[in-house]
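Below is one structure, written out as C-alpha cells, with a few remarks after it.
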Amino acid sequence: MAPAIMLAADAPKLSSANTGFMLICSALVMLMTPGLAFFYGGMVRVKSTLNMLMMSFISLGIVTVLWVLYGFSLAFGTGNGLLGWNADWIGLSNIGLTELWDGYTIPVYVFMVFQLMFAIITPALISGALADRVKFSAWALFVALWVTIVYVPVAHWVWGADGWAYKLGVIDFAGGTAVHINAGAAALGVILVIGRRVGFKRDPMRPHSLPLVMLGAGLLWFGWFGFNA
-6 MAPAIMLAAD APKLSSANTG FMLICSALVM LMTPGLAFFY GGMVRVKSTL NMLMMSFISL
54 GIVTVLWVLY GFSLAFGTGN GLLGWNADWI GLSNIGLTEL WDGYTIPVYV FMVFQLMFAI
114 ITPALISGAL ADRVKFSAWA LFVALWVTIV YVPVAHWVWG ADGWAYKLGV IDFAGGTAVH
174 INAGAAALGV ILVIGRRVGF KRDPMRPHSL PLVMLGAGLL WFGWFGFNA
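The sequence shown stops at residue 222 when you use our numbering, and every number in between is there.
What follows is the structure, given as C-alpha cells:
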C-alpha cells in the first residue's frame, strides 16, 4: 500500500504555469516562420518576392496537416529506433485534453504543438537555398515528401525515447541536428542537383528590400527565445 501511495504522490500533475509557458514558446517559434519568409523575401529580386514568401508560408499549412495525421505518431511513438508508431495519435483521435506527456507536467497536445513548430520551420529553412529556381507547386510537393521521408524519421532518431541516436546519448541543443543539420544537408543536396540560378555572376541579384530583411531578422531573433526553451 505504501509504495503505491508514494508512486501516486510522485506522479506528474498538470501544471498550468508550465503549460502556459510552453504555449507561449510555441507561439514564438511559430512567429519565426513568417519572419523567415520576410527575411528571404527581402533578400531576393522583386520578381521572386511573392514566390519566396509563400515558400515559407505554405509550410504552415502542409506540415500542420501531415503532423496531425501521422507525423507526430511516427516521430514520437514507440518504435524500433528508426521510426515510431502510436495508433492512438493518428489524427490525434485518442488523446485526452488533459493527458500528460510521459514524465512531464504538460498535456500531450501542448508537446505536439511545440514540436509541430519545429517541423514547420525546418523545410522553410531549406527554401532560401532555392531562390529563383523552383516553381511553387513543385516546392509544395517537396515539402510534403521531405517532411514525411526525412524530417519525421530524423526527429525520432534524435528526440524519440527509443531513437537510435537518442540511445547513443546524442543531445540536440535547440534543434541542432533535427532542424539545422537536417535542413542544411537537404539544401546542399538540392542545389547540387538543380544547379545555380540563371544569370548567376552575370545579372545583378542584389536584395530588393533591406527593411523587409531587417523585419524578418527581428522576428527570427524574437522567436528564438521560444525556440531555445
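Positions of the beta carbon are idealized from the N, C-alpha and C atoms, including for glycine. Just so we're clear, the structure is a prediction, and the values are computed from it rather than from any experiment.
| Asked | Found |
| --- | --- |
| CB contact flag (Phe32, Gly177, <8 Å) | no |
| For Leu76, the three-state DSSP class (helix, strand or coil) | coil |
| Residue of Val151, Met48, Gly64, Met198 minimising C-alpha distance to Ala117 | Met48 |
| Simplified DSSP state of Leu93, which is helix, strand or coil | strand |
| The ligand FMN heavy atom lying under 7 Å from the CB of Met207 | You won't find the ligand FMN in this model; it holds no ligand whatsoever. |
| Assigned exposure category for Leu29 - 16 Cβ within 10 Å defines buried | buried |
| Straight-line gap, Lys160 to Gly72 (C-alpha atoms, nearest Å) | 13 Å |
| Three-state secondary structure (DSSP) of Ala1 | Low local confidence applies: a pLDDT of 48 at Ala1 is under 50, so the model's placement there is unreliable, with the coordinate-based value given in what follows. In this structure, Ala1 counts as helix in the three-state DSSP scheme. |
| Residue of Leu7, Leu53, Ala4 minimising C-alpha distance to Val140 | Leu53 |
| Collapsed DSSP secondary structure at Pro27 in the structure displayed | helix |
| Status (buried if at least 16 other CB within 10 Å, exposed otherwise) for Trp214 | exposed |
| From Asn87, Pro27, Val106, residue whose alpha carbon lies closest to that of Val58 | Val106 |
| Alpha-carbon spacing of Ile17 relative to Lys194, whole angstroms | 44 Å |
| Ala171 versus Leu75: straight-line alpha-carbon distance, rounded | 14 Å |
| With 16 other Cβ atoms within 10 Å as the buried cut-off, status of Leu138 | exposed |
| Status (buried if at least 16 other CB within 10 Å, exposed otherwise) for Ile(-2) | Since pLDDT at Ile(-2) reaches only 46, below the 50 mark, its modelled position is unreliable, and the value read off the structure follows with that caveat. Exposed. |
| Burial state of Phe218 (16 or more Cβ within 10 Å) | exposed |
| Cβ shell of Gly121 (< 6 Å), same chain only, five flanking positions each side left out | Tyr33 |
| Under 8 Å between C-beta atoms of Val51 and Val136 | Per the sequence shown, residue 51 should be read as Ile rather than Val. Yes; because the gap between Cβ atoms is below 8 Å, this pair is in contact. |
| Own chain, CB closer than 6 Å to Val143, minus 5 neighbours either side, in chain order | none |
| For Pro100: DSSP bridge partner residues | Leu93 |
| Residue interval of the alpha helix (DSSP H) (run including Ile51) | 42 to 59 |
| Nearest-angstrom Cα separation, counted from Ala180 out to Pro197 | 23 Å |
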